[in-house]
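Heads up: the structure comes next, in structure tokens.
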Amino acid sequence: MEQKPTLRLPAGEVAYWRARQLSKAAGDHSCPLCRSPSLREFSFWRLILNDFPYDKIARTHHMLIPKRCVPQEALTSQESAELEDIKKQLAENYHYYIEATPQQRSVPGHYHLHCVELGGPCSQPDHNPERE
201 MEQKPTLRLP AGEVAYWRAR QLSKAAGDHS CPLCRSPSLR EFSFWRLILN DFPYDKIART
261 HHMLIPKRCV PQEALTSQES AELEDIKKQL AENYHYYIEA TPQQRSVPGH YHLHCVELGG
321 PCSQPDHNPE RE
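Counting in the working numbering, the sequence shown runs from 201 upward without gaps.
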């Protein structure tokens, strides 16, 4: 089996896939992004911690998600406008905003934008690649 490129360290990648398999086996079809607590709230958006950060490259890895659980094409003009404003506000805190292509999205039903500060290792307070 061909191994896909990843932005996670090996332990983090294993933990990510293990969590996905456990969720699938348990029949959990709920949105993992909707369950994540907010670090910061905006009118239409929330900033959340990525439970499985890109720890190969990132010191900090958050995600911007709309409060509504919708794909990108369902965003309203108000949501899209606020996203652009938020990206400008947060630009000093991150090096990159990363968006996966449609075929790479792990949660295609809930649009999300990765907010990454480069450097390693990941210094997020609850980052533990060995978690289950």
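Beta carbons: idealized from backbone N, C-alpha and C, even for Gly.
Everything numeric in this text was worked out from a predicted model, so none of it was measured.
Exercise for the section: Pull up the distance between the alpha-carbon of Y297 and that of K287, whole angstroms please. Expected result: To locate residue 297, count along the sequence shown from 1; it is residue 97. To locate residue 287, count along the sequence shown from 1; it is residue 87. Answer to the nearest angstrom: the Cα atoms are 8 Å apart.
Exercise for the section: Answer yes or no: do C269 and C234 have a C-beta to C-beta separation smaller than 8 Å? Expected result: Walking along the sequence shown from the start, residue 269 turns up at place 69. Walking along the sequence shown from the start, residue 234 turns up at place 34. It is a contact, given that the beta carbons lie within the stated cut-off.
Handout entry: Cβ pair E282, F244 closer than 8 Å
Key = Position 82 of the sequence shown holds residue 282. Position 44 of the sequence shown holds residue 244. Yes, the Cβ-Cβ distance between E282 and F244 is below 8 Å.
Practice task
Go ahead and label R250 buried or exposed: buried means 16 or more other beta carbons lie within 10 angstroms of its beta carbon, across all protein chains shown.
Solution key: Stepping through the sequence shown from its first residue, residue 250 is reached at position 50. According to the sequence shown, residue 250 is Asn rather than Arg. The residue is buried, with at least 16 neighbouring Cβ atoms inside 10 Å.
Practice task
Check the DSSP bridge columns for I248 and list the partner residues they point to.
Solution key: The count along the sequence shown starts at 1 and reaches residue 248 at position 48. S238 and M263.
Practice task
Quick one: grab the DSSP three-state call for I257.
Solution key: For the purposes of this step, residue 257 is taken as the residue at position 57 of the sequence shown. I257: coil per DSSP, three-state reduction.
Exercise for the section: Using a threshold of 8 Å, state whether the C-beta atoms of H261 and C322 are closer than that. Expected result: Start at 1 with the first residue of the sequence shown, and residue 261 comes out as number 61. Start at 1 with the first residue of the sequence shown, and residue 322 comes out as number 122. Closer than 8 Å, so yes.
Practice task
Assign P210 to buried or exposed, taking buried as 16 or more other Cβ atoms, counted over all protein chains shown, within 10 Å of its Cβ.
Solution key: Numbered from 1 along the sequence shown, position 10 holds the residue referred to as residue 210. Exposed: under 16 other Cβ atoms inside 10 Å.
Exercise for the section: Compare the beta carbon distance of L264 and L313 with 8 Å and say whether it is the shorter of the two. Expected result: One-based indexing of the sequence shown puts residue 264 at position 64. One-based indexing of the sequence shown puts residue 313 at position 113. Result yes, Cβ atoms of L264 and L313 sit closer than 8 Å.
Problem - Under the three-state DSSP convention, the category L275 falls into - result: Indexing the sequence shown from 1 puts residue 275 at position 75. The answer is coil: DSSP assigns L275 none of H, G, I, E or B.
Handout entry: Outcome for G212 when other beta-carbon atoms lying within 10 angstroms are tallied against a minimum of 16
Key = Within the sequence shown, residue 212 is the residue found at index 12, counting from 1. Flag for G212 reads buried.
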